[in-house]
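Below: one structure, written as structure tokens.
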Amino acid sequence: MHTFQPYPMNMLEFNPFQKIGSEWAAVTAEADGKANAMTVSWGGVGVMWGKNVATIYIRDSRYTKELIDASDTFSINFFEDDHMHSTLNYLGKVSGHNEDKIAGARLHINHMTGTPFLDEAKFVILCKKLSATRITADQFIDPTIADKWYADGDMHTMYIGEITDVLVR
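Sequential numbering from 1 applies to the sequence shown in UniProt numbering.
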């Protein structure tokens, strides 16, 4: 296992458009002794309810959603190496229902204060779940969103998590 150090949130230089939208991240959750990770490219960071928070969006069909729903915490894992893009692609395509994706991706789970994260990450945001809101088509003001992103009816849930720790190598 690699050594991570806590990092002050107010010193974090982080471009969410690049890190989440372009480079992608992996969300990790664990419940009943089962951990899983999946790729995310939708999310953000900011302030809500007087707390530093991160938001992630998980589709109904994802196995990781079951684990996040059953847990109080999750992590958002970021990687440095370009070769990790193929690993993140794998985590986004294979279901944890069918196999141990962590082992299949040659990754390893680590924990801090009970929250799972990927040991191979460069930096990690640990979150305590504050809110889970299912997105429904009747909420869209722009009618093209439903047709473009939800034609199959596989909606997202928006999770807001309080950032409890930031870990870096």
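Glycine is no exception: its CB is placed at the ideal position from the N, C-alpha and C atoms.
Query	Result
Closest to Glu30 by CA distance: which of Glu120, Ile102, Ser131 and Glu80 is it?	Ile102
Do three or more CB pairs link the stretch 98-118 to the stretch 40-60 at distances below 8 Å?	no
Would DSSP call His85 helix, strand or coil?	helix
Does the separation of the CB atoms of Thr115 and Thr73 fall below 8 Å?	yes
DSSP three-state label for Phe117, please.	strand
If you follow the alpha helix (DSSP H) that Leu12 is in, where does it begin and where does it stop?	Segment: none, Leu12 is in no alpha helix (DSSP H) and carries neither H nor E.
Within a Cβ cutoff of 7 Å, which residues of the same chain sit near Thr55, ignoring the five residues on either side of it in sequence?	Gly43, Gly44, Met158, Tyr159 and Ile160
Pick from Leu91, Thr144 and Ile68: whose alpha carbon is nearest that of Ser131?	Ile68
Check the C-beta distance from Leu126 over to Thr164 and give it rounded, since I have them as a contact under 8 Å.	5 Å
Find the nearest neighbour of Ala35 within the set Met11, Glu23, Ser95 and Asp154, judged by alpha-carbon distance.	Ser95
Express the C-alpha separation of Ile145 and Lys93 in angstroms, rounding to a whole number.	23 Å
Indicate whether Val124 and Leu91 have their beta-carbon atoms separated by less than 8 Å.	no
Residues in the same chain with beta-carbon distance under 6 Å from Arg59, minus the five sequence neighbours each way, listed in chain order, please.	Asp154 and His156
Could you give the residue range of the alpha helix (DSSP H) that holds Gly104?	Lys101 to Gly104
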